[in-house]
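Undergrad: Top line first, the protein sequences correspond to chains A and B.
Quick note: the first sequence uses the numbering used here, first residue 3, plus one each step.
Quick note: the second sequence uses the numbering used here, first residue 362, plus one each step.
Positions of the beta carbon are idealized from the N, C-alpha and C atoms, including for glycine.
Before we start, here is the structure in question, set down as C-alpha cells.
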Amino acid sequence: QKEVEQNSGPLSVPEGAIASLNCTYSDRGSQSFFWYRQYSGKSPELIMSIYSNGDKEDGRFTAQLNKASQYVSLLIRDSQPSDSATYLCAGSSYNTDKLIFGTGTRLQVFP
Amino acid sequence: DAGVIQSPRHEVTEMGQEVTLRCKPISGHNSLFWYRQTMMRGLELLIYFNNNVPIDDSGMPEDRFSAKMPNASFSTLKIQPSEPRDSAVYFCASSLVAEEQYFGPGTRLTVT
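Okay, here's the thing in C-alpha cells:
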C-alpha cells in the first residue's frame, strides 16, 4: 500500500514564527510532490510543487525534498493567522497521473 | 480562467434516490479526477480520466457509483441508489501537466 504520512496536528505557532510541516512517503517511485492548503469548508488549493531534491522557495513558503530519506517538508516563514488551515502533502504515483494524499496537518497560527 | 466548476454545491437527498454530480474541468486540461472527502477517510480518489477515457476506477466503492466523461468539458458522477454512508464532500479536479491538479469547490452531499 503506497502511503503518504503526515502528523495530524494541530501544530500551533505564534504569529511571525516559522511553521514546519513534515511528510514522509513510502513509494520510492514517486517523483513529484505537492503541498495543498485547505481552509475549513473549502477545496484544496495547490500552493507548492517540488520535483527535485533540495529547496524550492516561493514567497514565504519553502518546500524541501529529500528522496533518499523519502521526506518532504513545507516551511512557512512569518506565519500569519490567515495561514491557519489544513495542509495536505501529496506524492505522485509511479507511472500514473494519480496523486497519493496524506491525511493533512492542521496548522493554527495564534496572534 | 473560471477554474473547475462543480454543480450542485449542496445536495440533500433521501436514501435510495439517484444523485448526479457534475463537473466542468479547466479548459484545455486533459485529465479529470473525482475525489471524495470525509473526516474519517480523508481525501480518496474515486476515478480519473485521461483524454475522456477512464484510466483507473479502482477507488469507486461499489457498483452503485458510476462516472462518465462524454467530452473534454463535462463529467458526471452518479450514485444510484444513494445511502447515508455516501454523505461526504465530492471534489472534481483537473490537470494539464501530469500531476498538478486543480480542485473545484466541491459538492457537499447529504443522504438522509
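If we ignore side chains and look at the alpha-carbon of each, how far apart do T26 of chain A and S10 of chain A end up?
TA: Approximately 13 Å between the Cα atoms of the pair.
Undergrad: So, for I387 of chain B: in the same chain, excluding its five sequence neighbours on each side, which residues have a beta-carbon less than 7 Å away from its beta-carbon?
TA: Around I387 of chain B: D362, G364, V365, S455 and Y463.
Undergrad: How about the stretch 28-42 of chain A and the stretch 371-383 of chain B: do they share at least three Cβ pairs that are nearer than 8 Å?
TA: Verdict: no, contact absent.
Undergrad: Measuring straight from C-alpha to C-alpha, what distance separates K44 of chain A and L109 of chain A?
TA: Roughly 15 Å between the two C-alpha positions.
Undergrad: What does L48 of chain A touch in chain B if you count any residue whose Cβ is under 9 Å from its own?
TA: Neighbours of L48 of chain A on chain B, chain order: E461, Q462, Y463 and F464.
Undergrad: Could you tell me how far apart the beta carbons of A428 of chain B and T437 of chain B are, in whole angstroms, since I believe they sit closer than 8 Å?
TA: Sure, about 7 Å apart at Cβ, within 8 Å.
Undergrad: Provide the residue(s) that pair with L404 of chain B in DSSP beta bridges, ordered along the chain.
TA: B:Q398, per the DSSP bridge assignment.
Undergrad: Looking only at its own chain, which residues have a Cβ that is under 7 Å from the Cβ of G467 of chain B, when we skip the five neighbours before and after it?
TA: Within the same chain, G467 of chain B has close Cβ partners Q367, V450, Y451 and F452.
Undergrad: At 8 Å on the CB atoms, spell out the chain A contacts of Y409 of chain B, in chain order.
TA: D99 and K100, listed in chain order.
Undergrad: Taking C-beta pairs closer than 9 Å, name the residues in chain C that L90 of chain A reaches, listed in chain order.
TA: Here chain C cannot be found, since the structure's protein chains are A and B.
Undergrad: When we look at the beta-carbon of F103 of chain A and count the other beta-carbons within 10 Å, is it buried (16 or more) or exposed?
TA: Under this definition F103 of chain A is a buried residue.
Undergrad: Which residue marks the beginning of the beta strand (DSSP E) containing A87 of chain A, and which one marks its end?
TA: Segment A87 to S94, the beta strand (DSSP E) holding A87 of chain A.
Undergrad: Taking the continuous beta strand (DSSP E) assigned at Q33 of chain A, which residues delimit it?
TA: No beta strand (DSSP E) contains Q33 of chain A, which DSSP labels as neither H nor E.
Undergrad: Just reading off the beta strand (DSSP E) that G56 of chain A is part of, what are its end residues?
TA: Segment G56 to D60, the beta strand (DSSP E) holding G56 of chain A.
Undergrad: Kindly list, in the order they appear in chain A, the residues whose Cβ is closer than 7 Å to that of G467 of chain B.
TA: Those within 7 Å of G467 of chain B in chain A are S45.
Undergrad: What is the DSSP secondary structure of R370 of chain B, counted as helix, strand or coil?
TA: In this structure, R370 of chain B counts as coil in the three-state DSSP scheme.
Undergrad: For D99 of chain A, count the other beta carbons within 10 Å of its own beta carbon; 16 or more makes it buried, fewer makes it exposed. Which is it?
TA: Result: buried.
Undergrad: With 7 Å as the threshold, decide whether the Cβ of S84 of chain A is near any Cβ in chain B.
TA: Not closer than 7 Å to any Cβ of chain B, the Cβ of S84 of chain A fails to qualify, so no.
Undergrad: Using a Cβ cut-off of 9 Å, pull out every chain B residue sitting near F103 of chain A, in sequence order please.
TA: Y396, G403, L404, E405 and L406, listed in chain order.
Undergrad: Would F112 of chain A and P16 of chain A qualify as a contact pair, given that the criterion is a beta-carbon distance under 7 Å?
TA: Yes, Cβ-Cβ distance for F112 of chain A and P16 of chain A is below 7 Å.
Undergrad: Less than 7 Å between CB atoms is the rule here; does S94 of chain A satisfy it with respect to chain B?
TA: So yes, S94 of chain A belongs to the interface.
Undergrad: Whole angstroms is fine: what's the gap from S392 of chain B's alpha carbon to N432 of chain B's?
TA: Roughly 12 Å between the two C-alpha positions.
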